[in-house]
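Participant: What follows is a single structure, and I will ask about it in a moment.
Number of protein chains: 4
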Amino acid sequence: MARPTVEPQRRRAMIGAAIEAIHAQGGLDVTVGQIARRAGFSPALAHHYFGAKDDLLLAVMRQLLGDLGRETAAGLRGVRDGRARVSAILAASLGPAQFRPATLSAWLAFYEMAQRNPQARRLLRVYFRRLNSNLADALARVAPRAAAREIAAGAGALIDGLYLRHGLGHAAPDSGAAARIVEAHIAARLG
Amino acid sequence: MARPTVEPQRRRAMIGAAIEAIHAQGGLDVTVGQIARRAGFSPALAHHYFGAKDDLLLAVMRQLLGDLGRETAAGLRGVRDGRARVSAILAASLGPAQFRPATLSAWLAFYEMAQRNPQARRLLRVYFRRLNSNLADALARVAPRAAAREIAAGAGALIDGLYLRHGLGHAAPDSGAAARIVEAHIAARLG
Amino acid sequence: MARPTVEPQRRRAMIGAAIEAIHAQGGLDVTVGQIARRAGFSPALAHHYFGAKDDLLLAVMRQLLGDLGRETAAGLRGVRDGRARVSAILAASLGPAQFRPATLSAWLAFYEMAQRNPQARRLLRVYFRRLNSNLADALARVAPRAAAREIAAGAGALIDGLYLRHGLGHAAPDSGAAARIVEAHIAARLG
Amino acid sequence: MARPTVEPQRRRAMIGAAIEAIHAQGGLDVTVGQIARRAGFSPALAHHYFGAKDDLLLAVMRQLLGDLGRETAAGLRGVRDGRARVSAILAASLGPAQFRPATLSAWLAFYEMAQRNPQARRLLRVYFRRLNSNLADALARVAPRAAAREIAAGAGALIDGLYLRHGLGHAAPDSGAAARIVEAHIAARLG
DNA sequence: AATGAATGAGTTTTCATTCAT
DNA sequence: GATGAATGAAAACTCATTCAT
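As they're listed, the protein sequences go chains A, B, C and D. According to my numbering, the first sequence holds residues 520 to 710 in order. According to my numbering, the second sequence holds residues 520 to 710 in order. According to my numbering, the third sequence holds residues 520 to 710 in order. According to my numbering, the fourth sequence holds residues 520 to 710 in order.
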């Protein structure tokens, strides 16, 4: 009785495998079979736990967004100074965890998924809004509200652009360089 | 004989239809049939003119990159002042032509295609390099080489990020606002 | 030990659930899972009790045939008059129990199952023969053997036809009207 | 130019193959592959011409209903006498064409399909109504309207019941016997 | 030059069934 | 006794691609 359910483990394994598979395949045209095989299961099991393929992909997306959210929250904990909070957000957003090639591939894939899947679009918008408001709030401690919002918008777009270029590999700024670019952008804008 | 071949027209029509179809479908999972039907031809004709599907997609990509290149070149023609050249590049890169929803969808799709198709990757890298060197060269007229390069990298990433966010629609900066954001970024970095 | 086994209850519950599920689904393409869930058990239990899916379906069929047989026998008990016995058979065959939508759906489904499953075919033939001989025997008390047999054959087919039409719902004769039609048929044939 | 299209041929071939396949398989759980193979084509072609599997099945149904309708109309042509018209309808409905085993299997299958597919249900209802009104109209020439309607309803159900029993094969009345049973029914009811 | 016809290969999805616990 | 876990097998359906005409 109370046999410990393996569902959470399986879901985690499958999500991890999906990220790898998306990276290996280079997009969302991974097959459920590829994902499952990579996780060591049969394709049928993926459907058993996630329903349709898109549900699995959405679960992956939620995982990534959750990871980023948790990392950001952890970095912000206890930090009061506005400028330091900005740096913490950048450190989380552009940190090595986000810059892992597989993670970047997955992000890019989800940008495309968002084009046709409303739920994916909603999730991505939540991410945008959260990043923006996090940045704007922190910046508002060291600059007027309006400027803070504008700088935040620029910084957010810059971060996404750096993801994109890094996702293409080869000669794109790495995690550290990326953070420095955004820091420089913000420093310059703050005057 | 010497009947003017209709091939170029057909190719252009198919490429235009492909862009629209990618936008309508929200990604590269358009079918050759959808593209051909939209252009008013049979799917077989697409193969006749382009070979495989990926070849058609690469042709679309080349078209888009060529358009952007020509527009940039036109904007730069006769402009000598460094700062003005920067503005001209931005105007071309972020102008209304590039911000048309269908164009953005296609760009995004090609970012994903580049993940798995070496030729697509190469084309995209060429674009990066060209944008970067255009910007860096122009900036080098008003700032030291090293700074120019760094600012150019940031501006390039910023442009791509703005594409991305606009592609997701909804509350993202429009063409004009986007240009202003990048101008502000550069102005701030130039001090 | 000697714990009263719950097996008979479980089997009955599963059979009832199967009838409902067949009705809800509109045919034999119910899944074992649907049936089991409806009964409140796991799909595995259905196999535990019945073996393969077809065995479960055959059990359902036997149940229905048994119900009808018992009802007919009860109606005939103590009735001696030939004409009255005919009416008793009709009352049982066309009574409300048989005209319940779910029952009709199940019957229809079994007609189809009989097309490919020999055991189902055998069961259905037993039903035919029993209905026919019941009717013919009763009619033989008020008409010559040969005529009795012919009238019985017609009445039997008529009953099945009424099932069929009622199964399709909508403007088909109800239980009472159905009985009256068959009574009229027999009355007319008897002169 | 004006290359003669083979579509009608293919559709006919596929429909014929479907009827055979339904008979061979004993129900609607034929696969598209079985049908196509029997017709000598690939499964993909069936989808090409019919869309989904259910559309193919509906086409089969329409074919059968159309055949019956045409045969009935042909039998009625030029016949004025009410009683003779009734016989013509019966001859068409219970004639050898309808009593071919494969045809019967298909009919039965469609009864089940009608349980879950609204279009199939509608088609079957059309058949009912047409048979009923044909019979009732003919009978109305030799009996009062009300009686005609009632007798027609009985005869219609009887026909369907005979289909059903014949579909199960073995010891069921054949085409000729079936017609005689219905004729006897009607003769008796007409007094 | 252009296309209807045709298909092979592949993908998602479903499900009966098995089995260890 | 009962079930969650797992899967093999199969089905519908899609699509890029080929080819004869």
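Every residue, glycine too, gets a C-beta built ideally from N, C-alpha and C. On a predicted model such as this, the values are computed, not experimentally measured, just so you know.
1) Would you call the segment 669 to 685 of chain B and the segment 673 to 689 of chain A touching, i.e. three or more CB-CB distances under 8 Å?
2) Compute the Euclidean distance between the alpha carbons of C:Met-520 and C:Ile-538, then round it to the nearest angstrom.
3) Going by beta carbon distance, what residues of the same chain come within less than 7 Å of B:Ser-694, once the five residues before and after it are set aside?
4) Grouping DSSP H, G and I as helix and E and B as strand, with all else coil, what is C:Thr-622?
5) List, in chain order, every chain D residue whose beta-carbon is nearer than 9 Å to that of C:Ala-711.
6) Using 8 Å as the threshold, is the C-beta distance between A:Leu-623 and A:Gly-535 below it?
7) Excluding the 5 residues flanking A:Arg-531 on each side, which residues of the same chain have their C-beta closer than 6 Å to its C-beta?
8) Helix or strand or just coil, what does DSSP make of C:Met-520?
9) Taking the continuous alpha helix (DSSP H) assigned at D:Arg-649, which residues delimit it?
10) For C:Pro-692, which of D:Gly-673, D:Pro-527, D:Ile-705 has the nearest alpha-carbon?
11) Between the C-alpha atoms of D:Leu-587 and D:Ala-611, what's the straight-line distance to the nearest angstrom?
12) Check distances from the C-beta atoms of the segment 533 to 552 of chain B to those of chain A and list, in chain order, the residues that come in under 8 Å.
13) How about D:Asp-693: is its C-beta nearer than 8 Å to some C-beta of chain C?
14) Give the interface partners of D:Glu-526 over in chain C, defined as CB-CB distance under 9 Å, in chain order.
15) Whether or not the segment 587 to 605 of chain A and the segment 643 to 655 of chain A are in contact is what I'm after, with contact meaning three or more pairs of Cβ atoms, one per stretch, closer than 8 Å; do they touch?
16) Between A:Asp-573, A:Ala-621, A:Arg-664, A:Ala-671, which lies nearest to A:Ala-639 when the distance is taken from Cα to Cα?
17) Is B:Ser-710 buried or exposed, if buried means 16 or more other CB atoms sit within 10 Å of its CB?
18) Along chain A, which residues have their Cβ under 9 Å away from the Cβ of B:Ile-678?
19) Under 8 Å Cβ to Cβ from A:Tyr-646, same chain only, skipping five residues before and after it: list those, please.
20) Based on Cα-Cα distance, which residue from C:Val-661, C:Ala-625, C:Ala-676, C:Pro-637 lies nearest to C:Gly-545?
21) Check whether the Cβ atoms of A:Pro-663 and A:His-542 sit closer than 8 Å, and answer yes or no.
22) Starting from the Cα of D:Arg-699, find the closest Cα among D:Ala-655, D:Val-605, D:Asn-636, D:Gln-528 and give me that residue.
23) Considering just the uninterrupted stretch of the alpha helix (DSSP H) at C:Gly-686, what are its terminal residues?
24) Which residues in chain D sit within 9 Å of C:Leu-687, going by Cβ to Cβ distance?
25) For A:Ala-671, which residues in the same chain have their Cβ closer than 7 Å to its Cβ, ignoring the five residues on either side in sequence?
26) Could you name the residues of chain B that A:Arg-581 contacts, counting a contact when the two beta carbons are closer than 9 Å?
27) On the premise that D:Glu-631 lies in contact with C:Ala-628, defined as a C-beta separation below 8 Å, what is that separation, rounded to the nearest angstrom?
28) Would the beta-carbon of B:Ala-707 fall within 8 Å of that of A:Arg-708?
29) Here's the rule I'm using: 16 or more other beta-carbon atoms within 10 Å means buried, otherwise exposed. How should C:Val-525 be labelled?
30) Would you verify that the beta carbon of A:Leu-658 is, or is not, closer than 8 Å to some beta carbon of chain B?
31) Among the residues of its own chain, which have a CB less than 6 Å from the CB of D:Arg-660, if the five just before and after it don't count?
32) Less than 8 Å between C-beta atoms, sequence neighbours within five positions excluded: which residues of the same chain meet that for B:Ile-608?
33) Do B:Ala-578 and B:Phe-569 have their beta-carbon atoms positioned less than 8 Å apart in this structure?
34) How far does the alpha helix (DSSP H) with A:Ser-561 in it extend, from its first residue to its last?
Facilitator: According to the structure shown:
1) yes
2) Walking along the third sequence from the start, residue 520 of chain C turns up at place 1. Walking along the third sequence from the start, residue 538 of chain C turns up at place 19. Here the model assigns C:Met-520 a pLDDT of 46, short of 50, so the residue's position is not dependable, and the following value carries that caveat. If I take the Cα positions, the gap works out to 33 Å.
3) Within the second sequence, the letter at position 175 stands for residue 694 of chain B. For B:Ser-694, where only same-chain residues beyond five positions count, the Cβ hits under 7 Å are Leu-613, Gly-614, Pro-615, Phe-618.
4) By one-based count along the third sequence, residue 622 of chain C stands at place 103. It is helical.
5) Outside the modelled stretch of chain C, which goes from 520 to 710, sits residue 711 of chain C, for which no answer is possible.
6) The count along the first sequence starts at 1 and reaches residue 623 of chain A at position 104. The count along the first sequence starts at 1 and reaches residue 535 of chain A at position 16. Contact: no.
7) Here residue 531 of chain A corresponds to residue number 12 of the first sequence, with the count starting at 1. If we look at A:Arg-531 and ignore the five residues flanking it on each side, it has no Cβ neighbours.
8) For the purposes of this step, residue 520 of chain C is taken as the residue at position 1 of the third sequence. Its pLDDT being 46, under 50, C:Met-520 is placed unreliably in this model, and the value from its coordinates should be taken loosely. In this structure, C:Met-520 counts as coil in the three-state DSSP scheme.
9) Taking the fourth sequence and counting its residues from 1, the one referred to as residue 649 of chain D is at position 130. Where D:Arg-649 is concerned, the enclosing alpha helix (DSSP H) stretches over 637 to 658.
10) Sequence index remark: in the third sequence, residue 692 of chain C carries index 173 (1-based). Looking at the Cα atoms, D:Gly-673 is the closest of the given residues.
11) Within the fourth sequence, numbered from 1, the residue matching residue 587 of chain D stands at position 68. Within the fourth sequence, numbered from 1, the residue matching residue 611 of chain D stands at position 92. Each residue's Cα considered, the two are about 7 Å apart.
12) Gln-544, Gly-545, Gly-546, Leu-547, Asp-548
13) If you number the fourth sequence from 1, residue 693 of chain D lands on position 174. Not an interface residue.
14) What you label residue 526 of chain D is simply residue 7 of the fourth sequence in a count that begins at 1. Chain C residues near D:Glu-526: none, gap ~30 Å exceeds 9 Å.
15) yes
16) Numbered from its first residue, the first sequence carries residue 639 of chain A at position 120. Here the closest residue by C-alpha is A:Asp-573.
17) In the second sequence, counting from the first residue as 1, residue 710 of chain B sits at position 191. Reading the sequence as shown, one finds Gly at residue 710 of chain B and not Ser. So B:Gly-710 counts as exposed.
18) Here residue 678 of chain B corresponds to residue number 159 of the second sequence, with the count starting at 1. Those within 9 Å of B:Ile-678 in chain A are Ala-676, Gly-680.
19) As a working mapping, residue 646 of chain A is identified with position 127 in the first sequence. These residues qualify, in order along the chain: Leu-584, Leu-587.
20) As a first step, residue 545 of chain C is located in the third sequence; it is residue number 26 there, counting from the start. Taking only the C-alpha atoms, the option nearest C:Gly-545 is C:Ala-625.
21) Numbered from 1 along the first sequence, position 144 holds the residue referred to as residue 663 of chain A. Numbered from 1 along the first sequence, position 23 holds the residue referred to as residue 542 of chain A. No, they are not a contact pair.
22) Here the question's residue 699 of chain D lines up with position 180 in the fourth sequence. Checking every option, the nearest Cα to that of D:Arg-699 belongs to D:Val-605.
23) Walking along the third sequence from the start, residue 686 of chain C turns up at place 167. Start and end: 664 to 686.
24) If you number the third sequence from 1, residue 687 of chain C lands on position 168. What C:Leu-687 touches in chain D: Tyr-630, Ala-633, Gln-634, Arg-640, Leu-643, Arg-644, Phe-647.
25) For the purposes of this step, residue 671 of chain A is taken as the residue at position 152 of the first sequence. Closer than 7 Å at Cβ, skipping near neighbours: Asn-651, Leu-654, Ala-655, Leu-658.
26) Residue 581 of chain A sits at position 62 when you count from the first residue of the first sequence. Simply none; closest approach about 17 Å.
27) Counted from its first residue, the third sequence places residue 628 of chain C at position 109. Counted from its first residue, the fourth sequence places residue 631 of chain D at position 112. Contact flag correct, Cβ pair sits at about 7 Å.
28) In the second sequence, counting from the first residue as 1, residue 707 of chain B sits at position 188. In the first sequence, counting from the first residue as 1, residue 708 of chain A sits at position 189. Yes, Cβ-Cβ distance for B:Ala-707 and A:Arg-708 is below 8 Å.
29) Translated into positions along the third sequence, residue 525 of chain C becomes position 6. C:Val-525 is exposed by the Cβ-count criterion.
30) As a working note, residue 658 of chain A is residue 139 in the first sequence. No, because no Cβ of chain B sits closer than 8 Å to the Cβ of A:Leu-658.
31) Taking the fourth sequence and counting its residues from 1, one reaches residue 660 of chain D at position 141. Gly-601, listed in sequence order.
32) Walking along the second sequence from the start, residue 608 of chain B turns up at place 89. Closer than 8 Å at Cβ, skipping near neighbours: Thr-591, Gly-594, Leu-595, Leu-650, Asn-653, Leu-654, Ala-657.
33) In the second sequence, the residue the question calls residue 569 of chain B occupies position 50. In the second sequence, the residue the question calls residue 578 of chain B occupies position 59. Result yes, Cβ atoms of B:Phe-569 and B:Ala-578 sit closer than 8 Å.
34) Within the first sequence, the letter at position 42 stands for residue 561 of chain A. Neither: A:Ser-561 is in no alpha helix (DSSP H) and is coded neither H nor E.
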